[in-house]
Amino acid sequence: MPLFETAQHREVEERIIRTAAEHFKCEAAPCSKAYCVDAVLFRNGRAVAFAEARQRKDKDGELLSIHKYPTLTWSAQKYVHAMQMTDLLPVAFCVEWQEGIHYMMIQRKPYPVGYMVPNKMRWEPDAEPVVHIPVSEFKLIAPREYTW
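Heads up, the sequence shown is in this note's numbering, so the first residue is 70 and it goes up one at a time.
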């Protein structure tokens, strides 16, 4: 799993997690970038869930519409780790699209698996198996006007 993360990436993840924590009436504590989820959500001092944050952009850096593709592609490795974490606590997968921040609760559910080579059709070190999660499984928690 790549550990490349800029300060800007972390700021985006933190904003998404803060918004989700507010929606779920929780406080959030970040995890190390080497960890398999981005944060732990607490309520009244007790851990109640894990949270993973993503932002979906096009190659020009513009946020994608949730309606652009029928599925969200996500690293199969990250998905398996998130499923494993559900043995301990629920896992909220929070994604920001053009329309706002959406979430789904990770379940032990099989999704179609594909293989993604980012932006190029040749062997890449970032190429990896991915799962295709239907965007219809995501629920809006904060429209765009709220998150900016």
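C-beta atoms are modelled at their ideal positions from N, C-alpha and C, and glycine is treated no differently.
Predicted, not measured: the structure shown is a model, and the values here were computed from it.
- Exposure of L110, with buried meaning 16 or more beta-carbon neighbours within 10 Å: buried
- Which of helix, strand or coil does DSSP assign to Q124? strand
- Message: Helix, strand or coil for I86? Go by DSSP, reduced to three states.
- Response: helix
- Query: If we count Cβ pairs, one from each stretch, closer than 8 angstroms, do we get three or more for the region 135-143 versus the region 93-113?
  - Reply: no
- Message: Quick check on DSSP: helix, strand or coil for E91?
- Response: helix
- Task: Would you check if the distance between the CB atom of E168 and the CB atom of I135 is smaller than 8 angstroms?
- Result: yes
- Query: Quick one: complete alpha helix (DSSP H) runs, 4+ long, within the region 142-176?
  - Reply: 145-154
- Task: Kindly indicate the opening and closing residues of the beta strand (DSSP E) around P203.
- Result: 197-203
- Message: Can you list, in chain order, the residues of its chain with a C-beta nearer than 8 angstroms to that of V81? Leave out the 5 residues immediately preceding and following it.
- Response: A122, Q124, E165
- Touch check for the region 126-135 and the region 143-152: three-plus C-beta pairs under 8 angstroms? no
- Task: Pull up the distance between the alpha-carbon of K208 and that of M173, whole angstroms please.
- Result: 6 angstroms
- Query: With burial defined as no fewer than 16 other Cβ atoms inside 10 Å of the residue's Cβ, what is the status of T75: buried or exposed?
  - Reply: exposed
- Message: So, with DSSP's three-state summary, where would you put E96?
- Response: strand
- Message: Along the chain, where does the beta strand (DSSP E) containing V109 start, and where does it finish?
- Response: 108-112
- Mapping DSSP to helix, strand and coil, what is V186? coil
- Message: Quick check on I170 - is its C-beta less than 8 angstroms from some C-beta in chain B?
- Response: Protein chains in the displayed structure number just one, and chain B is not present.
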